[in-house]
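Under my numbering, think of the first position of the sequence shown as 1240, with each following residue one higher. All C-beta atoms in this analysis are idealised placements derived from N, C-alpha and C, irrespective of residue type, glycine included. These notes concern the structure reproduced below.
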Amino acid sequence: MIPSPASSGNPHLLRLPNWLGDFILALPSVHLYQGWLNRRAPLLVVGPPALAPLAPLLLPEIEFIPAPSSPFSLHSIFKNRHVSSATLFPNSLRAALETLPAPYRAGFSRPLRDYLLTENRPRRTTPYGYVHVADQYLGLLEDLGLPKGKAELPLPPTLPKPQDAPAQPYLAIFPGAAYGPAKRWDPTSFASVIRDLQKSHSLQPILLGGPADIEACRAVAQSLGSPITDLSGKTSTLELAHWIAHAHLTLCHDSGPMHLAAYLRKPAVAIFGSTEPAWTGPLGTSVTVVRHKVSCSPCFLKACPIDHRCLTRLTPEEVLTACEQRLNQK
Ligand code: SF4
């Protein structure tokens, strides 16, 4: 069981996942843990350096420590700060190595690292379907002695509008998906939906994404065949959040931006391909999920070994209908 903070007052540490989406799905657990500590001990959160710019937005009043490139470089923090407890959400061996100096180390049971932890628990499962990732994190904390929590995202702060944002309503489009091509919809289909939303709602389209999404954005711009603002690779992750916060609608895949929109309570339509909404779907009610369920879905593969039917059978009309419905709910 996670040691009670009353005994020492030394910091507790949570190691969060490296993907932005999973990081956001862990936020209900972070806030449950912080509430349980009730200021009796500080909570330190370790996560990927790439998400450091987002930490003040996602984890206000919580100290965020970017994970160093070597897992052993974190050891000095444990020694200098006398960290008493480390709980790990990633399955990785690396996360277990990072936290070795903590007297108490707990996480999900994994065959190759269980011997490095002082306590491990199996991931929650059910014979009837999937246990959502957010509930798995909460379930781990509950199994380690914390109270039962709810998969509800904390309220976000209000974000200012990006300086370059247009005066007219805009559509934020994220055609990339860092996970792999199995999650990505066809650029010509994106272009078709963009054209229709330009006509029906006068939405100015803005292409967005990180450096890895530049190609996907360029493909959509080429398919559109008319000028479009493309900011892919030109914004920080925090700036992406600002763009989502002021978009009339966000159109994306099952990706970090989808979870950011859910966190910000902003309207979005998210396209699912090889993955499963019951497992990693957005929390809350602001994001509409669209998918074409096929017998091989979900496969959770990064690249499709067959004909990508889960996404090629999803028509622009279906996605447009979801966008129209989401816009009409505003
Ligand atoms: S195997 Fe099926 S679910 Fe997986 S990417 Fe291909 S079509 Fe989609």
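key: Helix, strand or coil at S1324 [DSSP, three-state]   = For the purposes of this step, residue 1324 is taken as the residue at position 85 of the sequence shown. It is a strand residue.
task = Go through its chain and collect everything with a Cβ distance to V1269's Cβ below 8 Å, but skip five positions before and after it.
result = By 1-based counting over the sequence shown, the position of residue 1269 is 30. Sequence-distant Cβ neighbours of V1269 in its own chain, meaning closer than 8 Å and more than five residues away, are L1253, L1255, L1282, V1284, L1298 and I1301.
request  = With hydrogens ignored, establish whether the beta-carbon of G1512 is closer than 7 Å to any heavy atom of ligand 1.
outcome  = By 1-based counting over the sequence shown, the position of residue 1512 is 273. Yes.
request  = Consider the C-beta atom of L1540 and the heavy atoms of ligand 1; say whether any pair is separated by less than 7 Å.
outcome  = On the sequence shown, position 301 is the one that residue 1540 refers to. The answer is yes for L1540.
ask   = Start and end of the alpha helix (DSSP H) containing Q1273?
value = On the sequence shown, position 34 is the one that residue 1273 refers to. Per DSSP, Q1273 is one residue of the alpha helix (DSSP H) stretching across L1266 to L1276.
request  = With DSSP collapsed to three states, give me the class of Y1409.
outcome  = By one-based count along the sequence shown, residue 1409 stands at place 170. The answer is strand: DSSP assigns Y1409 an E or B state.
message = Beta-carbon within less than 6 Å of L1490's beta-carbon, same chain only, minus the 5 sequence neighbours each way: which residues are those?
response = Position 251 of the sequence shown holds residue 1490. Once the five neighbours on either side are set aside, the close Cβ partners of L1490 are I1412 and V1508.
inquiry  = Looking at ligand 1, does it come within less than 7 Å of S1536, judged from the CB to the closest heavy atom?
reply    = For the purposes of this step, residue 1536 is taken as residue 297 along the sequence shown, with counting starting at 1. Answer for S1536: yes, Cβ within range of ligand 1.
request  = Please work out which residues of its chain come closer than 6 Å, Cβ to Cβ, to Q1375, disregarding the five sequence neighbours upstream and downstream, and give them in chain order.
outcome  = Reading the sequence shown from its first residue, position 136 is the one you call residue 1375. So the qualifying residues of the chain are R1362 and R1363.
ask   = At what residue ranges does the stretch 1533-1560 contain a whole run of the alpha helix (DSSP H), taking only runs of 4 or more?
value = 1548-1551
key: Where Y1354 falls, given that 16 or more other Cβ within 10 Å makes a residue buried   = Along the sequence shown, read from residue 1 onward, the residue named residue 1354 stands at position 115. That one is exposed.
Between the CA atoms of P1250 and P1420 - distance to the nearest angstrom = Here residue 1420 is taken as the residue at index 181 of the sequence shown, counted from 1. Here residue 1250 is taken as the residue at index 11 of the sequence shown, counted from 1. Spanning the two alpha carbons is a distance of roughly 41 Å.
message = For G1464 and A1291, I'd like the C-alpha separation in whole angstroms.
response = Locating residue 1464 in the sequence shown gives position 225, counting from the first residue. Locating residue 1291 in the sequence shown gives position 52, counting from the first residue. Looking at the two C-alpha atoms, the distance is approximately 36 Å.
task = Answer with buried or exposed for A1451, where buried requires no fewer than 16 other C-beta atoms within 10 angstroms of its C-beta.
result = Position 212 of the sequence shown, counted from the first residue, corresponds to residue 1451. Exposed, by the Cβ-count rule.
ask   = DSSP beta-bridge partners for D1469?
value = Translated into positions along the sequence shown, residue 1469 becomes position 230. For D1469, which the question treats as bridged, DSSP gives the partners L1446.
ask   = Thinking C-alpha only, which one of W1275, E1563 and H1481 is nearest Y1502?
value = The count along the sequence shown starts at 1 and reaches residue 1502 at position 263. Ranking the options by Cα distance to Y1502, first place goes to H1481.
task = List the DSSP bridge partners of F1262.
result = The residue labelled residue 1262 in the question sits at position 23 within the sequence shown. Residue pairing of F1262 in beta bridges, as defined by DSSP: absent, with no partner found.
ask   = Unbroken beta strand (DSSP E) runs of length 3 or more, entirely within the stretch 1478-1530: which are they?
value = 1488-1492, 1507-1510 and 1526-1529
ask   = If we ignore side chains and look at the alpha-carbon of each, how far apart do T1524 and E1337 end up?
value = Translated into the one-based positions of the sequence shown, residue 1524 becomes position 285. Translated into the one-based positions of the sequence shown, residue 1337 becomes position 98. Going from the Cα of T1524 to the Cα of E1337 covers about 36 Å.
key: Span of the beta strand (DSSP E), counted from its first residue to its last, around Y1343   = The residue you call residue 1343 lines up with position 104 of the sequence shown. From DSSP, the beta strand (DSSP E) with Y1343 extends over Y1343 to F1347.
ask   = Can you tell me where the alpha helix (DSSP H) with K1286 in it begins and where it stops?
value = Here residue 1286 refers to the residue found at position 47 when the sequence shown is read from its first residue. For the record, residue 1286 in the displayed sequence is Gly; it is not Lys. Taken as a continuous stretch (DSSP letters only), G1286 belongs to no alpha helix (DSSP H), being part of the beta strand (DSSP E) at L1282 to G1286.
request  = Could you have a look at L1436 and say whether DSSP puts it in helix, strand or coil?
outcome  = Residue numbering aside, residue 1436 sits at position 197 when the sequence shown is read from its first letter. L1436: helix per DSSP, three-state reduction.
message = Between P1267 and A1373, how many whole angstroms is the CB-CB distance? I'm expecting something under 8 Å.
response = Here residue 1267 refers to the residue found at position 28 of the sequence shown. Here residue 1373 refers to the residue found at position 134 of the sequence shown. The pair is a contact, with the Cβ atoms about 6 Å apart (cut-off 8 Å).
ask   = Helix, strand or coil: how does DSSP classify N1319 here?
value = Within the sequence shown, residue 1319 is the residue found at index 80, counting from 1. Here N1319 sits in helix by DSSP.
message = If you reduce the DSSP assignment to three classes, tell me which class N1359 lands in.
response = Within the sequence shown, residue 1359 is the residue found at index 120, counting from 1. Here N1359 carries a strand assignment [DSSP, helix/strand/coil].
task = Would you mind giving the Cβ-Cβ distance between K1541 and Y1418, rounded to the nearest angstrom? I have them listed as a contact below 8 Å.
result = The residue you call residue 1541 lines up with position 302 of the sequence shown. The residue you call residue 1418 lines up with position 179 of the sequence shown. Right, the Cβ-Cβ distance comes to about 6 Å (below 8 Å), so this counts as a contact.
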